[in-house]
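K.L.:
One structure, as structure tokens, below. Some questions next.
Protein chains in written order, with my numbering: chain A, 290 to 572; chain B, 69 to 250; chain C, 1043 to 1396.
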């Protein structure tokens, strides 16, 4: 036994292991929930960029509330919706550190919409990971700002009624108009290919911060089998059929692809016809 | 008269510099080593309406900085004159801008008007009627020494605006000189 | 700088905060605290600091939460309606044991109220700065000098006990100018280390977590018990009070902040009439100087406030019925005159004589 162990150790090549930035603890996520996959991707990216020691993560209120116990970097638990404001406070205090917020749809797009929009328009050089599963999970399945029209939830028992509840918010599209934003992409983690694409987007969102490119947000269209009252397989199928047509995957803003070094340059170019904004007018 | 406590109200339109005039008086008191307080009116009434400030110079710690019964009133417009003259303490001193105020009714004995706005326009010191009235107040009350008053101007005007310092001092002296003949 | 300068109370708070080592300020415009934020906006960018006008008071307090969690000295300021919005974040700061200084330049309420001076947030400051079981030190300056001195102290107390601290001023103290001597600037190297901060572990320690959530009831209970032990230390060591002409006083006027200035004038006037009056002025509203009040041995206490009667409840709690307590106050921006307070003192003194 001892000799075998010795041999296997010398020939061992790790092909898959727990990222260092993910602590060896059991998460509290339900089967078929995508939080675990996305948090792992975030941790892998932190490892690959070798920034764990100078990263501060902001946990939301919602199912990911205890993610401060999962990530190995320093963590701060924020009040509901306030993660972008907390992240702003941290980033302004430690500008050379990497600051990310991890938020769900109720947190980011409902109670925290003002903080979301204003952190974005200020061009805070932070990274936001946004989990959109069209429902409030932690509180037991209420209608979210991203719940689809006609979607049945605990608080839309007859289906989301557009006459009384209005329309869902498409966050990437909404934020894409803001000059402070450098990068927006909507992804999902439906299968290995999608997971690889999601990781690429998340890495880009962190790399942008390291490079000072500006505010970056990755929206991950996700599942909630428990509150959707489906099996994991059914949930992924429902997501594919209903969420993806309403929330199309893709890049919604990428100032570098548009030929600019960062969000500020893109904003400056857009403002050329305004003497005041372009600095051509006296102050 | 001003060896005693001075409880002054400076009042006029927003933009006439009544708050600044009060600040110069308070600063002169500080330089003289006295206890001083300066309290402005604030809020909507400053926007195009009347502005005023309470200034107290005392040898004892100052309680309420809000002057309700002034022994000095500097009035730069009609509404302020009408509002505050009845509040002036018996034997109190009233200095007003004759260009903008037409006194009516019974007035305190020590009431002095100077055409401050016209004087500064004639002297190329437009906008400094407030300092003319401060000069007149100083002449009539002796609330501090000349050196303390001029030094207060130095402290209240930022060093980067030296030309303005001289003009403020000129206006003070203009007011003091005119008040001497009243 | 030991020079005496003429400064607005709002600006004195700002300058003292800078001297205490505060380099991060998060605010939102509201009267009558405007000059404080404007002062920070002028100074901080030139000192390598952060002045940030947030999108709301809610965002501002959460930025303070983040900055404090990251380990820096930080501050926010507002006035009554804005403080109500901040209370959520203040509760989270208390629950996460985060230092920070919150300034309330009070105006009249409830609701939009007025922009004139008031002391109507006494209950809020001392009892209910957010949900949950917690207190925080509340300082009530009465002069522009104290606006500076107590702000400076507030940062040390906040860091020392890991608690948010409130400066409870009002529109009069914020707007008025008085001579002030600024405290010397703190040496940045002398500021307390914060090994608990979420400032990046650099691979040198386990991760730090700033958090107020404890899903385990026993853990949350123990967390509260530990925090209340800290409160006991604050009550023992941080009480501040000023008494004036109190030794032989029959009638003691209890008043804080701007109201105490008026009360002091009234006490002096009463003494001139031969009435033995004195002033009891709490400087910390929490912890309340209850023992000092009990030791006054007054025959009657008159509480004077710029509200409908709030601190008077703490006065009654401290005296436990041993001394008759009455109240006189005005609110809505009306400042009681020293003569009005004197009338009250006279009435009480006459009652004692009978």
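Glycine residues also receive a C-beta, built at the ideal position from the N, C-alpha and C atoms.
1. Can you list, in chain order, the residues of its chain whose CB lies under 8 Å from that of residue 1349 of chain C, leaving out five sequence neighbours each side?
2. Which same chain residues end up closer than 6 Å to residue 216 of chain B when comparing Cβ atoms and leaving out the 5 residues on each side of it in sequence?
3. Does residue 1108 of chain C get closer than 9 Å to chain A when you measure Cβ to Cβ?
4. Is it buried or exposed for residue 456 of chain A, if we count other Cβ within 10 angstroms and need 16 for buried?
5. Output the distance between the C-alpha atoms of residue 376 of chain A and residue 543 of chain A, rounded to the nearest integer angstrom.
6. Residue ranges of each beta strand (DSSP E) run of no fewer than 3 residues wholly in the segment 104 to 167 of chain B, ordered along the chain?
7. Taking Cβ-Cβ distances below 8 Å as the criterion, which residues of the segment 76 to 91 of chain B are in contact with chain C?
8. What's the C-alpha gap between residue 420 of chain A and residue 393 of chain A?
9. If you check the beta carbons only, do residue 1062 of chain C and residue 1149 of chain C fall under 9 Å apart?
10. Beta carbon of residue 342 of chain A, beta carbon of residue 1243 of chain C: below 9 Å?
11. Should residue 199 of chain B and residue 140 of chain B be called a contact, given that it needs their Cβ atoms to be closer than 9 Å?
12. Near residue 1220 of chain C, what residues of its chain come up, given a Cβ to Cβ distance below 8 Å and the 5 sequence neighbours on each side ignored?
13. For residue 290 of chain A, which residues in the same chain have their Cβ closer than 8 Å to its Cβ, ignoring the five residues on either side in sequence?
14. Is it buried or exposed for residue 440 of chain A, if we count other Cβ within 10 angstroms and need 16 for buried?
15. Does the beta carbon of residue 1347 of chain C sit closer than 9 Å to a beta carbon anywhere in chain B?
16. Of the residues A:438, A:330, A:414 and A:562, which one's Cα is nearest the Cα of residue 501 of chain A?
17. Determine the contact status of residue 1346 of chain C and residue 1305 of chain C, defining contact as a CB-CB distance below 9 Å.
18. Sort B:182, B:150 and B:189 by Cα distance to residue 172 of chain B and report the nearest one.
19. Hey, residue 1074 of chain C and residue 1147 of chain C are a contact pair by Cβ (cut 8 Å); roughly how many whole angstroms apart?
20. If we define contact as Cβ-Cβ less than 9 Å, is residue 1046 of chain C a contact residue for chain B?
21. Report yes if the C-beta of residue 125 of chain B is less than 8 Å from at least one heavy atom of the ligand COA; otherwise report no.
22. In the DSSP assignment, the alpha helix (DSSP H) including residue 224 of chain B goes from what residue to what residue?
23. Find out if the Cβ-Cβ distance for the pair residue 1139 of chain C, residue 1269 of chain C is shorter than 9 Å.
24. Go to residue 407 of chain A, then tell me how far its alpha helix (DSSP H) extends in each direction, as first and last residue.
25. Since residue 1107 of chain C is in the alpha helix (DSSP H), which residue starts that stretch and which ends it?
26. For residue 176 of chain B, which of B:159, B:226 and B:244 has the nearest alpha-carbon?
27. Answer yes or no: does any C-beta atom of chain C fall closer than 9 Å to that of residue 104 of chain B?
28. Name, please, each residue of chain C whose Cβ falls closer than 9 Å to the Cβ of residue 393 of chain A.
29. Tell me whether residue 331 of chain A is buried or exposed, calling it buried when 16 or more other Cβ atoms sit within 10 Å of its Cβ.
30. For a cutoff of 9 Å on Cβ pairs, would you count residue 358 of chain A as touching chain C?
31. Within this structure, are the beta carbons of residue 161 of chain B and residue 228 of chain B separated by less than 9 Å?
32. Please list the partners that residue 1218 of chain C has in chain B, where partner means a Cβ-to-Cβ separation under 7 Å.
33. How big is the Cα-Cα spacing for residue 306 of chain A and residue 1262 of chain C?
34. Would you mind telling me which residues of chain E sit closer than 8 Å to residue 1250 of chain C, beta carbon to beta carbon, in chain order?
35. Closer than 8 Å by beta-carbon distance: list the chain C residues that pair up with residue 136 of chain B, in chain order.
36. Would residue 1058 of chain C and residue 1191 of chain C qualify as a contact pair, given that the criterion is a beta-carbon distance under 9 Å?
P.N.:
Inspection of the coordinates gives the following:
1. Excluding positions up to five away in sequence, the list reads 1160, 1161, 1162, 1164, 1371 and 1373.
2. Close CB contacts of residue 216 of chain B within its chain, under the 6 Å cut and outside five residues either way in sequence, are with 96, 99 and 100 (chain order).
3. Interface residue, yes.
4. Under the 10 Å beta carbon count, residue 456 of chain A is surrounded by fewer than 16 other beta carbons and is classified as exposed.
5. Within the model, the alpha-carbon separation for residue 376 of chain A versus residue 543 of chain A is close to 22 Å.
6. Listed in chain order, the complete beta strand (DSSP E) runs (minimum 3 residues) inside the segment 104 to 167 of chain B are 118 to 126, 140 to 143 and 161 to 165.
7. So the close ones are 91.
8. Taking the straight line joining both Cα atoms gives about 5 Å.
9. No, they are not a contact pair.
10. It is a contact, given that the beta carbons lie within the stated cut-off.
11. One thing to note: residue 199 of chain B has its Cβ no nearer than 9 Å to the Cβ of residue 140 of chain B.
12. Around residue 1220 of chain C: 1048, 1049, 1051, 1185, 1186 and 1187.
13. Annotation note: pLDDT 45 at residue 290 of chain A (below 50); position unreliable, coordinate value reported separately. In its own chain, leaving out the 5 sequence neighbours on each side, no residue places its CB closer than 8 Å to the CB of residue 290 of chain A.
14. By the 16-neighbour rule on beta-carbons within 10 angstroms, residue 440 of chain A is buried.
15. Among the CB atoms of chain B, none fall inside 9 Å of the CB of residue 1347 of chain C.
16. Comparing Cα positions, the closest option is A:414.
17. Going by C-beta atoms, residue 1346 of chain C is nearer than 9 Å to residue 1305 of chain C.
18. Ranking the options by Cα distance to residue 172 of chain B, first place goes to B:150.
19. Between residue 1074 of chain C and residue 1147 of chain C, the beta carbon gap of about 6 Å places them in contact (Cβ cut-off 8 Å).
20. The beta carbon of residue 1046 of chain C sits closer than 9 Å to some beta carbon of chain B.
21. Among the components of this structure there are no ligands whatsoever, and the ligand COA is therefore not found.
22. Run containing residue 224 of chain B: 214 to 224, per the alpha helix (DSSP H) assignment.
23. Taking 9 Å as the cut-off, the beta carbon of residue 1139 of chain C is found closer than this to the beta carbon of residue 1269 of chain C.
24. Residue 407 of chain A -> alpha helix (DSSP H) spans 402 to 410.
25. 1099 to 1111 is the span of the alpha helix (DSSP H), which, as asked, contains residue 1107 of chain C.
26. With distances taken between Cα atoms, residue 176 of chain B lies closest to B:159.
27. Using a CB distance cut-off of 9 Å, residue 104 of chain B counts as an interface residue toward chain C.
28. Ordered by position in chain C, no residue passes the 9 Å Cβ test against residue 393 of chain A, which lies about 15 Å from the chain.
29. The residue in question, residue 331 of chain A, is buried, as its Cβ has 16 or more Cβ neighbours within 10 Å.
30. Chain C, which has a Cβ nearer than 9 Å to the Cβ of residue 358 of chain A, makes this yes.
31. Cβ atoms of residue 161 of chain B and residue 228 of chain B: not closer than 9 Å.
32. Neighbours of residue 1218 of chain C in chain B, taken as residues whose beta carbon is under 7 Å from its own, are 105, 106, 107 and 133 in chain order.
33. Distance between the alpha carbons of residue 306 of chain A and residue 1262 of chain C is about 34 Å.
34. You won't find chain E in this structure, because its protein chains are A, B and C.
35. Correct list: 1379.
36. In contact: residue 1058 of chain C and residue 1191 of chain C (Cβ atoms closer than 9 Å).
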